[in-house]
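In this note's numbering, the protein residues as written are 193 to 311. Glycine included, each C-beta is placed from N, C-alpha and C at the ideal position. Quantities reported herein were computed from a predicted structural model and do not represent experimental measurements. Following: one structure in structure tokens, then a few remarks.
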Amino acid sequence: MVIQHHTHELVSLIGGKDYKKNSFNRAYQSYRHPGSAIKPLLDYATYLEETNADINQLVSGASYCSNSYCPKNYSGDSYGMVTLRNAFAQSYNTPAIRLFEKTGVETSFKYLDAFDFKR
Numbered sequence: 193m194v195i196q197h198h199t200h201e202l203v204s205l206i207g208g209k210d211y212k213k214n215s216f217n218r219a220y221q222s223y224r225h226p227g228s229a230i231k232p233l234l235d236y237a238t239y240l241e242e243t244n245a246d247i248n249q250l251v252s253g254a255s256y257c258s259n260s261y262c263p264k265n266y267s268g269d270s271y272g273m274v275t276l277r278n279a280f281a282q283s284y285n286t287p288a289i290r291l292f293e294k295t296g297v298e299t300s301f302k303y304l305d306a307f308d309f310k311r
């Protein structure tokens, strides 16, 4: 996708090597995993709304494992106790999963309903 910076106009959209082959445009017809882009809504907004937590509250950025699920921070590092503000700004994974765990699956996904996400 190419957007003209000054006008915000969409200039170009490329969705694959050969549109004529199967008429499928990956740019707007495919579903992609949201990755870290979903954390502000799924983890942080939900947690802050549900708990009225202060953005300077501490949360663990240490290693995390539950059963065989062991997500890592992007850098692979463990950060100890960090503020929600810093965990959010740095997009750390282990604090986000801890917040998600505290608010619960149903509550967290309920917050996404307003945005019409597909599950």
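query, result
"Considering Leu-250, what are the terminal residues of the beta strand (DSSP E) in which it resides?", "250-252"
"So, is Pro-263 buried or exposed, given that buried needs 16 or more other C-beta atoms within 10 angstroms?", "exposed"
"Please identify the residue among Asn-244, Arg-290, Val-194 and His-200 whose C-alpha is closest to the C-alpha of Asn-265.", "Arg-290"
"So, at 6 Å on beta carbons, what are the nonlocal neighbours of Ser-283 in its own chain, with the 5 sequence-adjacent residues on each side left out?", "Ser-228"
"Do Ala-245 and Leu-276 count as a contact pair if the criterion is CB distance below 8 Å?", "yes"
"Step through the CB atoms of chain B and report whether any lies within less than 8 Å of the CB of Ser-270.", "Given the protein chain composition of this structure (a single chain), no chain B is represented."
"In the DSSP output, what is Met-193 paired with across the bridge?", "Answer by DSSP bridge pairing: none, since Met-193 is not bridged."
"What are the boundary residues of the alpha helix (DSSP H) that includes Ser-300?", "297-304"
"What does the alpha-carbon distance come out to for the pair Asn-214 and Met-193?", "20 Å"
"Throw me the rounded Cβ distance for the Tyr-239 and Lys-302 pair, which I believe falls under 8 Å.", "Going by Cβ atoms, the distance from Tyr-239 to Lys-302 rounds to 13 Å, so no, they are not a contact pair."
"Could you tell me which uninterrupted beta strand (DSSP E) segments, each at least 3 residues in length, are contained entirely in the region 210-292, listed from first to last along the chain?", "250-252 and 273-275"
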